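**Student:**
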Amino acid sequence: MERDPEGEMENSLVQQARKQLDRGEYSEALKTYLLLENEHNTGLFRGNITLCRERLRRADSARRSVGDPVPIQDIYRTVAAGEAQNPRVTRGPLVSVIVTAHNTEKYIESSLESLKAQTYQDLEIIVVSDASTDCTDTILERVRRATSGIKVYRLAANLGTYYAKNFGIRMSSGEYIFFQDSDDVSHHDRIAYGMGAFLSNPGIRVVRSQYSRVDPTEGLVVRINGVVSKLGLITLGIRREIFDEVGLFNCTTKASDDEMFNRLKAKYDRASIRDVKLPLYYNTMREGSLFADMVKWDGSHSIDQNPSPSRAEYARTFSELHTDVAPESLPEVFSFPRVRDALPVPCDMTKLPNPEIPVVVNVCSIPSRARSLRTVVESLAPQCDRICVYLDGYENTPPFLHEYGSQVKVRHSSEHPGLRDNGKFIELDRIVGEGAECYYFTVDDDIHYPPDYVAHMLLKLKEYDESVVAGAHGVIMKRWPKGYFSDQRLVFSFTKGLERDKAVNLLGTGTMAFRSSVLSEFSLKWLENAGMADIYWAVICRNRQIPLVCVERHAGWMRDLGSSGETLYQEFRGRDPIQAETVISNAPWSYASIAESLECSFSDRRVIEFLLPSLQFHHELLD
Numbered sequence: 001m002e003r004d005p006e007g008e009m010e011n012s013l014v015q016q017a018r019k020q021l022d023r024g025e026y027s028e029a030l031k032t033y034l035l036l037e038n039e040h041n042t043g044l045f046r047g048n049i050t051l052c053r054e055r056l057r058r059a060d061s062a063r064r065s066v067g068d069p070v071p072i073q074d075i076y077r078t079v080a081a082g083e084a085q086n087p088r089v090t091r092g093p094l095v096s097v098i099v100t101a102h103n104t105e106k107y108i109e110s111s112l113e114s115l116k117a118q119t120y121q122d123l124e125i126i127v128v129s130d131a132s133t134d135c136t137d138t139i140l141e142r143v144r145r146a147t148s149g150i151k152v153y154r155l156a157a158n159l160g161t162y163y164a165k166n167f168g169i170r171m172s173s174g175e176y177i178f179f180q181d182s183d184d185v186s187h188h189d190r191i192a193y194g195m196g197a198f199l200s201n202p203g204i205r206v207v208r209s210q211y212s213r214v215d216p217t218e219g220l221v222v223r224i225n226g227v228v229s230k231l232g233l234i235t236l237g238i239r240r241e242i243f244d245e246v247g248l249f250n251c252t253t254k255a256s257d258d259e260m261f262n263r264l265k266a267k268y269d270r271a272s273i274r275d276v277k278l279p280l281y282y283n284t285m286r287e288g289s290l291f292a293d294m295v296k297w298d299g300s301h302s303i304d305q306n307p308s309p310s311r312a313e314y315a316r317t318f319s320e321l322h323t324d325v326a327p328e329s330l331p332e333v334f335s336f337p338r339v340r341d342a343l344p345v346p347c348d349m350t351k352l353p354n355p356e357i358p359v360v361v362n363v364c365s366i367p368s369r370a371r372s373l374r375t376v377v378e379s380l381a382p383q384c385d386r387i388c389v390y391l392d393g394y395e396n397t398p399p400f401l402h403e404y405g406s407q408v409k410v411r412h413s414s415e416h417p418g419l420r421d422n423g424k425f426i427e428l429d430r431i432v433g434e435g436a437e438c439y440y441f442t443v444d445d446d447i448h449y450p451p452d453y454v455a456h457m458l459l460k461l462k463e464y465d466e467s468v469v470a471g472a473h474g475v476i477m478k479r480w481p482k483g484y485f486s487d488q489r490l491v492f493s494f495t496k497g498l499e500r501d502k503a504v505n506l507l508g509t510g511t512m513a514f515r516s517s518v519l520s521e522f523s524l525k526w527l528e529n530a531g532m533a534d535i536y537w538a539v540i541c542r543n544r545q546i547p548l549v550c551v552e553r554h555a556g557w558m559r560d561l562g563s564s565g566e567t568l569y570q571e572f573r574g575r576d577p578i579q580a581e582t583v584i585s586n587a588p589w590s591y592a593s594i595a596e597s598l599e600c601s602f603s604d605r606r607v608i609e610f611l612l613p614s615l616q617f618h619h620e621l622l623d
């Protein structure tokens, strides 16, 4: 029989590769199998090639010391290796992922890309911008327009990530809620594994996974107390109904995922919480991160992570509360929206205004707007201490107002006739007359007020030492106007955006706030005619050198509810002579009048220059 040298060589190479593999000579075996596969291209040796490469990776990982850098690819391989041990689904109930963002223009798009790449298909992404001042909002708007499944909301006040998370929860529709910071990314199977855990057992209420901290510039994992990944509260997934049972997040700036998790453990048994022990969440190590106060670098790719003093103090406080408060009271304790902290926290952990005196909201309503009045009261009641409602022309008190008990004070026009919008100031007459103090808000019955409305206005008042009246609808008039309803007046509508605060001549009383002590005296009789509260208030403040400031906000922060019935603006525009006489007799207005009030209130020229236009001299030519 003739010999076949090529066949003998092939058999010899196969035997050689097998022996190399058995002896653990994976590098040499890999070379031999690659030679065989390249020669025959049958796919017969691909399994052994993969095996050799995997053994080489494991050996390389084992040779690393605890101080060596760990590439992110090692984390990905860990996830791939754990697939068989963890249930994973790609379809199921709707999931909402809440992304909160504040000045993360460098990271936000990549963060959202990681969520759009999720293998779980029934997903909505809710992004809440926490009053970003960089290009974050511009990027979000572009991404929203180009991508389906992403909804974007904005807060006017920077109140912290947990306030933004709560807002996102309220705006979401999913049966299950997950969270992600805007400078972090998720493994593409994160939600699939999380939902696999949820759906594997109907008793599971909460899931969490492991996370790794990553240096974004090098793509290397930063060890946390010596480990490359650990279970983290930032990875929480929660059934929606749980928030109805225990309340929402405490509105701090940090550590309230810790508080929430401990609240859940106090409420439910440990079996209702499932841990997915795979590193599926990747947290960027960068300057300014929310966790920066609890890390200390222990090498170029390693950190020691421990609670900061303020976090430790917070943990002691919330642990006591979880013990002392009845479970059924938790939703009330951790309600949203809010202007005060639910429990005492260190000053570096809150951005809420925390007013020390009552917040009193005042509204006048007509019967055709009863439905929109309900919307107004529902949105503002959680943000204030008391609401005073002047019902103009109502035969009876709408039943829904009784639901608020003593928080709502109702007055009827039958008891105080002919006041119209002046009815918003009945309570001010009483408060100033008694020498009491409060933050006094006047609102309309046909405007949508956002969940950060009261907080934003209170923070603006504090910014100006509570010596101004703040509002969201402002007017600058000509110096010597010939009437009030003039096309030449400059209007900053509450429905439009305003890039920075502006001092104005007049504020609409539907969007106004001030500390009652700005007035040493007040009488309702000063408002002589109905339907002119805006003008009278402008005159009152102008004569007492109280500045009026129209506050910054984004477009759409407030909106008209579109209620039926003629507005006061429409009703009184045709009776301009009444307003005109008051406006003309109290001239001059315009910037000269504004500057005079500012100079009487502020010694700091920077404040005055900030609130006035950079160029004013040309207005004298226009007047």
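So the sequence shown is numbered by UniProt numbering: it starts at 1 and just counts up by one. Where is the CB? At the ideal position from N, CA and C, for every residue including glycine. If you're wondering where the values come from, they're calculated on a predicted model, not measured in any experiment.
1. If you count every other CB in all the chains shown that lies within 10 Å of the CB of residue 237, and 16 or more means buried, which is it?
2. Nearest to residue 328 by alpha carbon, out of 183, 96, 246?
3. What number of angstroms, rounded off, separates the C-alpha of residue 272 from the C-alpha of residue 208?
4. Please report the straight-line C-alpha distance between residue 267 and residue 313, rounded to a whole angstrom.
5. Do three or more CB pairs link the stretch 88–99 to the stretch 167–183 at distances below 8 Å?
6. Can you tell me where the beta strand (DSSP E) holding residue 98 begins and where it ends?
7. Just mark residue 417 as buried or exposed, buried being the case when its beta carbon has 16 or more other beta carbons within 10 Å.
8. Using the C-alpha atoms, what's the distance from residue 109 back to residue 143?
9. Just the C-alpha distance for residue 41 and residue 115, rounded to the nearest angstrom, thanks.
10. Would you mind reading off the limits of the alpha helix (DSSP H) that contains residue 543?
11. Does the Cβ of residue 5 have 16 or more other Cβ atoms within 10 Å, making it buried, or fewer, making it exposed?
12. So, helix, strand or coil for residue 6, using DSSP?
13. Please state the DSSP three-state secondary structure of residue 63.
14. Check the C-beta distance from residue 638 over to residue 243 and give it rounded, since I have them as a contact under 8 Å.
15. Check whether the Cβ atoms of residue 498 and residue 550 lie closer than 8 Å to each other.
16. Within the continuous alpha helix (DSSP H) that includes residue 624, where are the two ends?
17. Whole angstroms is fine: what's the gap from residue 646's alpha carbon to residue 73's?
18. Just reading off the alpha helix (DSSP H) that residue 76 is part of, what are its end residues?
19. Report the residue from 76, 218, 379, 222 whose alpha carbon sits nearest the alpha carbon of residue 167.
20. With residue 392 and residue 365 assumed to form a contact (beta carbons below 8 Å), what rounded beta-carbon distance in angstroms separates them?
21. Out of curiosity, what's the CA-to-CA distance linking residue 477 and residue 534?
22. From residue 200 to residue 87, what does the alpha carbon distance come to, in whole angstroms?
23. Quick one, are the C-beta atoms of residue 210 and residue 99 less than 8 Å apart?
24. Quick check: residue 252 and residue 194, are their CB atoms within less than 8 Å of each other?
25. Are the beta-carbon atoms belonging to residue 587 and residue 480 less than 8 Å from one another?
26. Report the three-state DSSP secondary structure of residue 364 (helix, strand or coil).
27. Under the DSSP definition of a beta bridge, which residues are partnered with residue 489?
28. Where DSSP assigns a beta bridge to residue 230, which residues make up the other side?
29. First and last residue of the alpha helix (DSSP H) that includes residue 33?
30. Along the chain, where does the alpha helix (DSSP H) that runs through residue 317 open and close?
31. On the premise that residue 137 lies in contact with residue 154, defined as a C-beta separation below 8 Å, what is that separation, rounded to the nearest angstrom?
32. Cutting at 6 Å between CB atoms, please list the residues of its own chain near residue 172, excluding the five before and the five after it.
33. Between residue 338 and residue 528, what straight-line distance do the alpha-carbon atoms span, to the nearest angstrom?
34. Under 8 Å, with one C-beta from each stretch per pair, do the stretch 421–430 and the stretch 514–528 reach the 3-pair mark?
35. In the structure shown, what three-state DSSP assignment does residue 184 receive?
36. Pick helix, strand or coil for residue 275, following the three-state DSSP scheme.
**Tutor:** With the given structure in hand:
1. Translated into the one-based positions of the sequence shown, residue 237 becomes position 237. Residue 237 comes out buried.
2. Residue mapping note: residue 328 aligns to position 328 of the sequence shown, counting from 1. From the listed residues 183, 96, 246, the smallest Cα separation to residue 328 is found for 246.
3. Residue mapping note: residue 272 aligns to position 272 of the sequence shown, counting from 1. Residue mapping note: residue 208 aligns to position 208 of the sequence shown, counting from 1. Cα-Cα distance, rounded: 11 Å.
4. As a working mapping, residue 267 is identified with position 267 in the sequence shown. As a working mapping, residue 313 is identified with position 313 in the sequence shown. C-alpha separation (whole angstroms): 22 Å.
5. yes
6. Counting from 1 along the sequence shown, the entry for residue 98 is found at position 98. From DSSP, the beta strand (DSSP E) with residue 98 extends over 95–101.
7. On the sequence shown, position 417 is the one that residue 417 refers to. When all chains shown are included, residue 417 counts as exposed.
8. One-based indexing of the sequence shown puts residue 143 at position 143. One-based indexing of the sequence shown puts residue 109 at position 109. Distance between the alpha carbons of residue 143 and residue 109: 8 Å.
9. Position 41 of the sequence shown, counting from 1, holds the residue named residue 41. Position 115 of the sequence shown, counting from 1, holds the residue named residue 115. Those two C-alpha atoms are separated by around 38 Å.
10. As a working note, residue 543 is residue 543 in the sequence shown. Unbroken alpha helix (DSSP H) run through residue 543: 533–543.
11. Position 5 of the sequence shown, counting from 1, holds the residue named residue 5. Low confidence applies to residue 5: its pLDDT is 42, below 50, so where it sits in the model is not reliable, and the reading given next is rough at best. So residue 5 ends up on the exposed side.
12. Translated into the one-based positions of the sequence shown, residue 6 becomes position 6. Bear in mind that the predicted position of residue 6 carries a pLDDT of just 45, short of 50, making it unreliable; the figure below should be weighed with that in mind. For residue 6, the secondary structure class from DSSP, reduced to helix, strand or coil, is helix.
13. The residue you call residue 63 lines up with position 63 of the sequence shown. Unreliable positioning characterises residue 63 in this predicted model, as indicated by a pLDDT of 48, which lies under 50. A coordinate reading is not provided.
14. Outside the displayed span of the chain (1 to 623) sits residue 638, for which this structure offers no information.
15. Here residue 498 corresponds to residue number 498 of the sequence shown, with the count starting at 1. Here residue 550 corresponds to residue number 550 of the sequence shown, with the count starting at 1. For residue 498 and residue 550, yes; Cβs fall inside 8 Å.
16. Nothing can be reported for residue 624: it is not among the residues displayed for the chain, which extend from 1 to 623.
17. Residue 646 lies beyond the residue range present for the chain, which begins at 1 and ends at 623; the question has no answer from this structure.
18. As a working note, residue 76 is residue 76 in the sequence shown. Per DSSP, residue 76 belongs to the alpha helix (DSSP H) from 72–81.
19. Mapped onto the sequence shown, residue 167 falls at position 167. Ranking the options by Cα distance to residue 167, first place goes to 379.
20. Residue mapping note: residue 392 aligns to position 392 of the sequence shown, counting from 1. Residue mapping note: residue 365 aligns to position 365 of the sequence shown, counting from 1. Indeed, because the Cβ distance is near 7 Å, the residues count as touching under 8 Å.
21. Taking the first residue of the sequence shown as position 1, residue 477 is located at position 477. Taking the first residue of the sequence shown as position 1, residue 534 is located at position 534. Rounded to the nearest angstrom, the two C-alpha atoms are 13 Å apart.
22. As a position in the sequence shown, residue 200 is number 200, starting the count at 1. As a position in the sequence shown, residue 87 is number 87, starting the count at 1. Each residue's Cα considered, the two are about 7 Å apart.
23. Translated into the one-based positions of the sequence shown, residue 210 becomes position 210. Translated into the one-based positions of the sequence shown, residue 99 becomes position 99. Contact flag unset, no.
24. Numbered from 1 along the sequence shown, position 252 holds the residue referred to as residue 252. Numbered from 1 along the sequence shown, position 194 holds the residue referred to as residue 194. No.
25. Here residue 587 is taken as the residue at index 587 of the sequence shown, counted from 1. Here residue 480 is taken as the residue at index 480 of the sequence shown, counted from 1. For residue 587 and residue 480, yes; Cβs fall inside 8 Å.
26. Indexing the sequence shown from 1 puts residue 364 at position 364. Residue state, collapsed to three classes: strand.
27. Position 489 of the sequence shown, counted from the first residue, corresponds to residue 489. In DSSP, residue 489 forms no bridge with anything.
28. In the sequence shown, the residue the question calls residue 230 occupies position 230. Note: residue 230 sits in a beta bridge opposite 211.
29. Taking the first residue of the sequence shown as position 1, residue 33 is located at position 33. Its alpha helix (DSSP H) spans residues 26–40.
30. Numbered from its first residue, the sequence shown carries residue 317 at position 317. Per DSSP, residue 317 belongs to the alpha helix (DSSP H) from 309–324.
31. By one-based count along the sequence shown, residue 154 stands at place 154. By one-based count along the sequence shown, residue 137 stands at place 137. Confirmed, Cβ separation roughly 6 Å.
32. Indexing the sequence shown from 1 puts residue 172 at position 172. The answer, listed in chain order, is 96, 126.
33. Within the sequence shown, numbered from 1, the residue matching residue 338 stands at position 338. Within the sequence shown, numbered from 1, the residue matching residue 528 stands at position 528. Residue 338 and residue 528 have their alpha carbons spaced roughly 36 Å apart.
34. yes
35. Here residue 184 corresponds to residue number 184 of the sequence shown, with the count starting at 1. Coil at residue 184, not helix or strand.
36. The residue you call residue 275 lines up with position 275 of the sequence shown. In the structure shown, residue 275 falls within a strand segment according to DSSP collapsed to helix, strand and coil.
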